[in-house]
Structures are given as structure tokens and as C-alpha cells.
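Just so you know, the sequences run in chain order A and B.
Position 146, counted from 1, in the first sequence is what UniProt numbering calls 146; the numbers after and before it change by one each time, with no gaps.
Position 170, counted from 1, in the second sequence is what UniProt numbering calls 170; the numbers after and before it change by one each time, with no gaps.
Ideal Cβ positions, reconstructed from N, Cα and C, are used throughout, including at glycine.
Beneath this line is the structure, given in C-alpha cells, with notes to follow.
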Amino acid sequence: MNRSKRRTGRRHPLATAALLALGLVFTGGAYAAFSTTTAQAEPSPTSQETIEEGGKLFQANCATCHGLEAQGTNEGPSLIGVGAAAVDFQVGTGRMPMQMQGPQAEQKPVQFTDEQVKQLSYFVASLGPGPDIPADSLVNGGGDAANGAELFRINCAMCHNVAGAGGALTEGKFAPPLTNVSGVHIYEAMVTGPQNMPVFNDLNITPEDKRDIITYLQYVQDNRSPGGFELGSLGPVAEGLFIWIFGLGAIVAITVWITAKSN
Amino acid sequence: MSTATTRAPQRRTFTAAASNYIDERTSVSTFVKELGRKAFPDHWSFLLGEVALFSFLVILITGTFLTFFFQASMAEVEYEGSYVPLKGVEMSVAMASTLDISFDIRGGLFVRQMHHWAALMFVAAIGLHMLRIFFTGAFRKPRELNWVIGFVMFILAMGEGFTGYSLPDDLLSGNGLRIIDGMIKGIPLIGTWTSFLLFGGEFPGTDIVGRLYSLHILLLPVILLALIALHLMFVVVHKHTQYAAPGRTQQNAVGPPILPIYAAKAGGFFFLVFGVLALIASLFTINPIWNYGPYDPSPVSAGTQPDWYIGFADGALRLIPPGWEFVLFDRTWSFNILVPLVGLGLFIATVLIYPFIEAWVTGDKREHHIVDRPRNAPTRTAIGAAGVTFYAVLWAAASSDIIATHFKLTMEGVIHSLQALLIVGPFIAYFVAKRVCIALQKKDREIVLHGYESGRIVKLPGGEFIEVHQPLDEYDRWKLVSYESYEPLMIRPNARGKITVGQRLRAGMSRWFFEDRIAPVTKGELEAAHHEHH
């Protein structure tokens, strides 16, 4: 009787769990409230708060290689004058902070929230003038895909392949596939020339032409091949491999089947 | 049959009447009697040539459809078809009509893809068929000439493929032609003249597509068809080869007759090949020219390769180290082009005349209708393995960039490894293949003499454990013991008492071929072994 009394109220066996849940709800709620209040202030290139936040992130995550003043060290280049576009590309695609030294910075899961990426970008932009993050109208398609395709073939396809499937460069470097890259990152790559990519400045390829190139790439991303599976868009190597392994493999299986029956 | 009892005598069915009508006018019955009763030995690998033939038929059928719509002209037009990213782009009529086939003609893309897939299958099937012929020694007398005919067809098939690949006048095909142009121009003295002759002026000119079209749909197919007819005629004349088995001799061919079952099977097989190609063509993109766009001499796409059968030549160019070019007598000597040209030429020539080389080395003038198991001709198999390795390394080199990106390797590492492998690989393959063959022969010998290990352990009354060996039945034994074993030729002086250089060479080659050999089990050995067991 005594024991059953102890099982009610704050002595209830589930009380600990309830307390824990309550605690979590409060903490989570407070955190959510806190983060929404900060999100209300959109990162802006001119806001002092944004730049300060970016500076803190920079000190914590980038300064080891790029230097406390972003002036560059033996481990990493100076970032003064690279512009917001370079940071938005490198950090926004997960290439920076770099995981390890290698032929080139590999893509990995993005380490920061979009907001933090913007803060970092504007901090670096504040150090010296450089290419800015492009306007939405330039990166959301809507251009001339035919013109973009032609420009892509002339300027980009030798490394990235005509269908944007990527390709090899020297010394283990490579041009990555463009099949899953957002328009803004493609644009930023063109104006900043990350890794081994050359810079295509606005005199070289005008912003409208860049928009056309992005339009073409988005067309290719959205419209899969009318001929069926693309085999990686790698061209004749994939086709040859396919016919030898699957085509001829199927045929040989059939020959074995046909002749096996009569034995 | 149950109908036999009720069948009225002398009742003329329609089939009988029709057959009689035709026979009285064409005497076809003698032909049917002769051909229909021909035996065709049954083995899956004997059907590979048929795969090539059937793929060729598919190519003819689909190709005819394509000629209805393709226009082999290099006149410039503005594309106005339905593929958006090429709208308004200047291109040749050839390219525009190929795009129309792909996007605006009902079933056009399917037929185009089927044509291209069938072409890849055609050459691949020829390749596999040739390997079967080579490794089983089916090229020996009396079939040497048929080997040559077949090999010429292989070369022509590559020519057919390359001319077809060049017709759409897209970026990929133009890059391929540019490489051919470069190779031709690399030939000393006549190179530039030949290139101008071929292209009707400076590359790319406005003639080449029309010229390649004539070759592709007229000259090459006609020669191929004639050679196919000759090739098959020889198969009929020589009869088909067969594997050794009881009752099979050098004088007969054992297998089901062509009519009715075999013909029905082969006919059905055509539709299976057709079906496989149709399935592939309907599911998998091949040569998406809309990605490549019209030819323009300036861009080259990453991953630009020829179709697989030209890959070995592309690979040879890629593996040449840099700097093999110098100026002498006011001329540039491009050894980076000449070495692959000459090297591949020698390789091809050696394969072409291999039957004659082997016939000369063995000095065997008899006819051979029983094919070898590859293990029973270790040196030939090893030479074949070396050749296959050489070809495969060149072939892999053509995709060096794709290998580098997909296996996360450096381009230089891939190229240097393949360069080393091109030299060392054939030797390794030769020795490994030869040792494997000889080991397999030894195993066969062991099985013939002592039977299979049954895994059954028996304890004898004296306490001894033995494993019981399962003896072979006579049918299985026949397959293992009936093969040729040559001995190295002795050097003998000729009629004038002299030993010529040719004699020495031949003896040397013969020693190389037959020095290491495992002789088939003789009757005496077999009896002795049986005696020992019982």
C-alpha cells in the first residue's frame, strides 16, 4: 500500500522523462526564438553587424590558413579583393574550409548555414572590392539557351564536357560535373575562377551571356536525354563499355541458351 | 502420327503442289537437298559469326531508313527544328537533317540509335568471333584464306563505322576527322597532298561529308556484302569445324542438319539479336549529337573519344611520349604520328598473316577440321593473350581521361602506367597464359590417367587411408586425349647439303612453339595406369 502511494505525483516512474522532455522543449523553444530573432536581420553587405559576425566566423574557421587579416599565409592565399562571390562559391559549395591539401579542394557537405555563408562573404567583401554575389535575374535562367550552348561549347566544354559531365585535368585535378550546380554558383565560378578554372570576366563573357550559359545548363539539367538513359553523358567510352558488357553479354547468354537446349 | 492411318493416298496438299511448282521451274530441290542436310556442329561460340551477320542485317535495314531523311551536304543552314538549345544556330545540312531525324521524324531517333548500337555490336561480335577462331585454331588449313577474308571485313567494318561516325558533322565527328587529318598530314612527303585530296582543300572544306557518305552507303557495304557471301561460301565448302568427341573425325561434321531445326533456330536467333538491339536502342542514348552541337574547329569537348573499335588507334596516339618530332631537310618529321601508324600497321599485318606463319612453323600440310581447345596449343594461346593485352592497353589508353576522373587518379599516372604496361603487359600475359595452359594440360593428363578425385576416403584393412578416384568414361576421355602434339622441327640440310638461314629461323621458331609441351596420353600409358590401379 505504501509502495503504490509512492508511484504517484513527483515520485511517478515517468516523472524523470517528463521533466527531461519539458527541459528540452524549453531549451529548444528558447533557441528557436533566439535564432528567429537573429534571422530577422537579413545579412546585408553594408550592415556593420553582418560584417562583424562574418569576421568572427572568419577568425574561427579560416584565419588558420588565410591569416588573421585575410592577408594570406604559406598555407592559403590572400583573400583581400577576392569579393563576396568567391567566398559564397567556395564556402557555399563546401569546398572551404578545405578538408585536406590535395590537387584541388574537393566538394564536401556545406559547413555553414546560408546566413553564415553570407556573413563570411560580406566580411571578405569589406576588405577590398571584388566581384559581388550576382543578382537573381542573372542566375535563374530565362536567357537564350542556344546562345548559351554555343558559348558553353566554345569556352567551357573542353574541361567540363559538352553535357557538363566533367573531365580530367593534369596532376589529378579535374573539372567537376555541372549537373547539380546551382545557377548562382556557376555564375560565381565564372567571375572568380576557383581552383584551376580561368576567370571569365564581364568583358570576356558579358553578364547576359553568362545568364545564357546558365540557362543552357539548367535546360540540360531539367530535360533528360530524349534518347533514354544517358550512361553518364561520357560519350563513346561509356557506349563501348556498355555494348561489350551488356549488349554482347546478353547475346552470348542467348547463344549459350540456344545451343544448350539441343544437347 | 495418328493422321497416318486416315490419310488418303495421293492427296496433294497445297504445300506439296507449291513446292512442286517451284521445283519444276528452278530445280531448287537439289540445292535444298545438298544444303539442307548439311550438318552444323552445335556450340555456343559457333554462333558469334552469326551475331555479326545479323547485326549487319539490322544495320542495313535501319541504315536504309536513315538514308530517306539524311542529307549529306555541308551547305550552311540555320537550324529551325524543335531542339531548343540549337534553335537559330548555323550548321551544315548534314547536321540539321540528323537533328531532324532525331527530333522531328517519327521513330527517327529510335532507328538512328538502333543503327549506331548495331554498328557497335557488329564490330564487337566480329572481334569476339575472331578471338574464337584464333584461340581454337580454326584458321588452319584449309581455312587460312577465310581468316584473311574475315579480317579484311573487320578492317572494312571499322571503316564503315568511322565513316558513319563522321557523317552527322557534329562536334565529336569533326574532332575525329581532325585527328585523321592530322595523322594523314604527319606522313612525310605525301601527307599534305593526301589530306587536300581527301578533303577537297584545306580541312574541313565542304566536300568531306558527301564523300564519306558515298563510301559509307555504297562502296564499303557492297564490298562487305560480297566478302560476306564469299566468307559464307567458304564455310559451306569447308564445312564447319567441330570440337573433338567420339565419332567426330577430320572427314565428317557431326551436328543437327540445317533443315529444319537448325534453320529455324538461326532464324529465331536473328529476331533475338534484333530484339536485343531494339531494346538497347529504345532505352539507352547513343551519340547525343544535340549535346555536341555543330562542328566548329575551335572547341573540343572533354571526353572526346572515337567509337570503341577505333579506340586502340586513339590510345596509341595518347601513349606516345612528348617531343618525338624534329625538323630535318626542311621537313617536320612527326614520329609521334609515324610510330603509331607503323606500329599498328605491323600489328594488323601480323594478325592478318598469322595462319601462314603458324603453318610455316609447324610445317603441317594436313587439313584440320577438329578445333583445338586453347590449352592444347599453349604457345598459340600465349601469343594470342599477348596480342589481346597489347590491344587492350591501347584501347584503355583511349579512355585515359575517363579512367583518371572515375578512379580518382592522376592523368599522368594513368598514361605512364599504360605506357609501361604496353611494353611489359604482353610479356607477362604470354608467360602467364602459357604456364596456365600447360598446367591445365597436366591436370587433364592426371584426370585421364587416374580419374577424378571423388573425395571419398576409404580405410583399408591394414589401416591405410586412400582416396578413391573416379575413373573417366570413354566419351569424356576422348575429349581430353585427342589433340595434336607437335615436336620441334630438326634442322636438316637441303638437297645441296646446306643449312639455310630460313631453315635455322624455322627451326628456332618451331623450338619456341613446341619446346614446352605436354603430350597427349597414349594407349600404353593408359593401360599402364589402369594396371597400376587394379
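Just verifying my parser: in three-state terms, what is the DSSP assignment at residue i?
i      : result
I457/B : strand
I61/B  : helix
W147/B : helix
D516/B : coil
Y475/B : helix
A138/B : coil
E230/A : coil
Q99/A  : coil
I438/B : helix
D202/A : coil
H469/B : strand
T206/B : coil
G387/B : helix
W333/B : strand
D372/B : coil
D170/B : strand
P257/B : strand
Q242/B : strand
Run the CB neighbour count on residue i, radius 10 Å, all protein chains shown included, and call it buried at 16 or more, exposed below.
i             : result
S44/A         : exposed
N376/B        : buried
Q99/A         : exposed
R106/B        : exposed
H12/A         : exposed
L248/A        : buried
F151/B        : buried
residue 563/B : Within the shown structure, residues of chain B are numbered from 1 to 534, placing residue 563/B beyond reach of any answer.
D88/A         : buried
Alpha carbon to alpha carbon, how far is residue j from residue i? Give it in angstroms, no decimals.
i      : j      : result
S97/B  : I280/B : 23 Å
L227/B : K210/A : 54 Å
A507/B : I133/B : 26 Å
M158/A : V252/A : 38 Å
S121/A : P340/B : 53 Å
H129/B : A85/A  : 58 Å
F290/B : A94/B  : Sequence check: residue 290/B is Trp here, not Phe. Cα to Cα, W290/B sits roughly 13 Å from A94/B.
G92/A  : A145/A : 26 Å
V521/B : Y243/B : 18 Å
G36/B  : Q113/B : 36 Å
Y187/A : N161/A : 18 Å
D42/B  : V51/B  : 15 Å
R477/B : E160/B : 46 Å
T46/A  : D181/B : 58 Å
G164/B : D444/B : 48 Å
A359/B : C437/B : 21 Å
Near residue i, what residues of its chain come up, given a Cβ to Cβ distance below 8 Å and the 5 sequence neighbours on each side ignored?
i             : result
A396/B        : G315, I403, L418
P488/B        : A507, S510, R511, F513, F514, E515
Y486/B        : T362, D364, S510, F513, F514, R517
L440/B        : R375
residue 539/B : Outside the displayed range of chain B (1 to 534) lies residue 539/B, so it cannot be described from this structure.
List, in chain order, every chain A residue whose beta-carbon is nearer than 7 Å to that of residue i.
i      : result
H43/B  : T259
I402/B : L234, V237
Y292/B : V162
List, in order along the chain, the chain B residues whose C-beta lies closer than 7 Å to that of residue i?
i      : result
E171/A : T410, E412
Suppose the cutoff is 7 Å on Cβ atoms and the five residues either side in sequence are ignored; what does the same chain contact list for residue i look like?
i      : result
Q40/A  : Confidence in Q40/A is poor, its pLDDT being 49 and thus under 50, which makes the residue's placement unreliable; the coordinate value appears in the next sentence. Contacts found: none.
N140/A : G183
G128/A : I80, G81
A138/B : T241, V371
Please compile the residues from chain B whose C-beta is within a distance smaller than 9 Å of the C-beta of residue i.
i      : result
H160/A : S301, A302
L231/A : F284, T285, I286
Quick one: what's got a C-beta closer than 6 Å to residue i's C-beta in the same chain, skipping five residues either side?
i      : result
R140/B : H368
M1/A   : Confidence at M1/A is low in this model, with a pLDDT of 44, below 50, so its placement is unreliable and the value that follows should be read with caution. Answer for M1/A: no residue qualifies.
G191/B : I184, K185
Y79/B  : L86, V89, M91, A96
In chain A, what lies closer than 8 Å to residue i by C-beta?
i      : result
L120/B : E239, G240, I243, G247
A278/B : Neighbours of A278/B on chain A: none; closest Cβ ~12 Å, over 8 Å.
P85/B  : A145, A146, G148, A149, Y216, Y219, V220
Identify the contact partners of residue i in chain A, using a Cβ-Cβ distance below 9 Å as the criterion.
i      : result
G311/B : P236, V237, G240
D307/B : P236, E239, G240
Given that residue i touches chain B, what residues does it touch there, using C-beta distances under 8 Å?
i      : result
I213/A : By Cβ distance, chain B contributes nothing, its closest Cβ being about 11 Å from I213/A, past 8 Å.
V256/A : W44
G142/A : Near G142/A there are no residues of chain B at all, since even the closest Cβ is about 13 Å away, more than 8 Å.
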